[in-house]
Amino acid sequence: MIKIRNIQRIWRIFWNYQKRNETCSYLPSRLWIEPTAICNLNCKMCLNSSIPKEKKGRMDLNLFKRIIDEVSGYAYDVNIFHRAEPLTHPDIFEMVKYCKEKGLLTRLHTNGTLLTEKKSYELLESGLDLLSFSFDGYDKETYESIRVGADFDKTLNNILTFLSIKKKLQKKKPYTLLQTIRFQNIDSKPDLADAFKRKFKNLPLDKFTVRDAHNWGGNMELENENQNIPDGATYGPCTFPWYALTIFWDGSVVPCPQDFFAEYCIGNIKDSTIAEMWNNEKMIALRKKMKKGEYKNLTPCNACDRIWRKRIFGIPKDYLRSFLSDNLFSYKFKEK
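Next up, the structure:
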């Protein structure tokens, strides 16, 4: 069922985005909060290995709770992940539970390699709303060449075990999807893809999705030539500055989750509140530059592929369906 307040929230964001308002009277409805910058893999489409060792760490649980205490009054959903594997954080389940206690829609994205039977039960009992798995490749050779450091069979078994437990407990939550990044040859093996998908037959996997890779604000060179900025592409302002913020493990705040190295940092949550930063000088300047198309000297936006993607009503086409589904229907699940 579509809730009136969901429609009102989307309309408010959409109106401010279309008007290109430089200040927003509302506060951000979506947040990415990075529990850790520490990862156990070295994936080919990720820049985590380029983060200096001294800039890797874990968010303190008390800082996380302080952030949630502030945003629970106005945010709609929280993504507890960003540049690394969230299951490496010892307090990750406590973080999920705290978000749910505060009434926030909560999402987790994992590579699944560290998922055990015990952790599966903890996730299923945590109240988590959405769990997505990154699993790039339908066979061992492809997967392990992309997800460097991971074992195809072990990780697949981890995911199948989680889904089996979810089925046994008759849980609808978390809404569970498996996400694959579209690399050059992934669409050339339909038989392999079909065989892989059959492994999930009769298990509660809610969605299987293939997504295009993005270039992390120009910091990642994409192999798939279809991802290059096409000739004649039309510029469109990014939507993130009008509805979202990302908080790194050390408290640094950026307007966009594509800003992998915090090149456009608007402040630190340890020194200022989200409310204070949402319309500060840097945010107003960013929206103004986006409005005028003055992105050439704006890092990392000037090299980001997102502002050149095909759009519907100004929203990137490949994000539109999930954006509306997430915000209007809340993933279409019902708790059991």
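Position 203 of the sequence shown, counting from 1, maps to 203 under UniProt numbering, and the rest follow consecutively.
C-beta atoms are modelled at their ideal positions from N, C-alpha and C, and glycine is treated no differently.
Beta-carbon gap between residue i and residue j smaller than 9 angstroms
| i | j | result |
| --- | --- | --- |
| P28 | W278 | yes |
| T106 | G127 | yes |
| L87 | K119 | yes |
| N79 | W242 | no |
| I51 | F261 | yes |
| V148 | T180 | no |
| R9 | C46 | no |
| L123 | P174 | yes |
| L163 | L203 | yes |
| F135 | T155 | yes |
| E101 | C39 | no |
| G293 | P255 | no |
| W37 | K65 | Note that residue 37 corresponds to Ala in the displayed sequence, not to Trp. Their beta carbons are not under 9 angstroms apart, which means A37 does not touch K65 by this criterion. |
| T23 | R287 | yes |
| T273 | E70 | yes |
Residue environment, residue i, which counts as buried when at least 16 other CB atoms sit within 10 Å
| i | result |
| --- | --- |
| P257 | buried |
| D129 | buried |
| P35 | buried |
| T110 | buried |
| N16 | buried |
| I4 | exposed |
| I13 | buried |
| Y235 | exposed |
| I312 | exposed |
| Y26 | exposed |
| W11 | exposed |
| A195 | exposed |
| A275 | exposed |
| Q18 | exposed |
| E225 | Residue confidence is low: E225 scores 41 on pLDDT, short of 50, so the model does not pin down where it sits. Its coordinate-derived value is still stated next. Its Cβ having fewer than 16 others within 10 Å, E225 is exposed. |
| S49 | exposed |
| D153 | exposed |
| S132 | buried |
| I146 | buried |
| N158 | buried |
| F81 | buried |
Supposed close pair residue i, residue j - CB separation, criterion 8 angstroms
| i | j | result |
| --- | --- | --- |
| L298 | K291 | About 12 angstroms; that fails the 8 angstroms criterion. |
| N280 | I269 | Rounded, the Cβ-Cβ distance is 13 angstroms, inconsistent with contact. |
| K197 | F208 | 6 angstroms |
| R182 | D212 | 5 angstroms |
| residue 339 | L41 | Only positions 1 to 336 of the chain appear in this structure, which leaves residue 339 out of reach. |
| C43 | I68 | So it is not a contact: roughly 28 angstroms between Cβ atoms. |
| L160 | K189 | Incorrect: roughly 21 angstroms between the Cβ atoms, too far for contact. |
| D271 | P300 | About 23 angstroms separates the two Cβ atoms, so there is no contact after all. |
| A75 | L108 | About 16 angstroms separates the two Cβ atoms, so there is no contact after all. |
| K310 | N302 | No, K310 and N302 are not in contact; Cβ-Cβ is about 20 angstroms, not under 8 angstroms. |
Cβ contact (3+ pairs, closer than 8 angstroms) linking the stretch 19–37 and the stretch 241–255:
Enough Cβ pairs lie closer than 8 angstroms, so yes.
Is there contact between the stretch 57–64 and the stretch 89–102, where contact requires at least three CB pairs shorter than 8 angstroms?
With the cut-off at 8 angstroms, the stretch 57–64 and the stretch 89–102 touch.
Taking the runs of the alpha helix (DSSP H) that are 4 residues or longer, which of them lie wholly in the stretch 92–134?
Residue ranges of uninterrupted alpha helix (DSSP H) with 4 or more members, entirely inside the stretch 92–134 and ordered along the chain, are 92–101 and 117–125.
Entirely enclosed beta strand (DSSP E) segments - the stretch 6–58, minimum 3 residues
Secondary structure within the stretch 6–58: the beta strand (DSSP E) runs of 3 or more consecutive residues, fully enclosed, are 30–33 (chain order).
Which ranges would you report for the alpha helix (DSSP H) in the stretch 55–90 if only whole runs of at least 4 residues count?
The qualifying runs are 61–71.
Fully enclosed by the stretch 247–282, which alpha helix (DSSP H) runs are 4 residues long or longer?
The stretch 247–282 contains these whole alpha helix (DSSP H) runs: 274–278.
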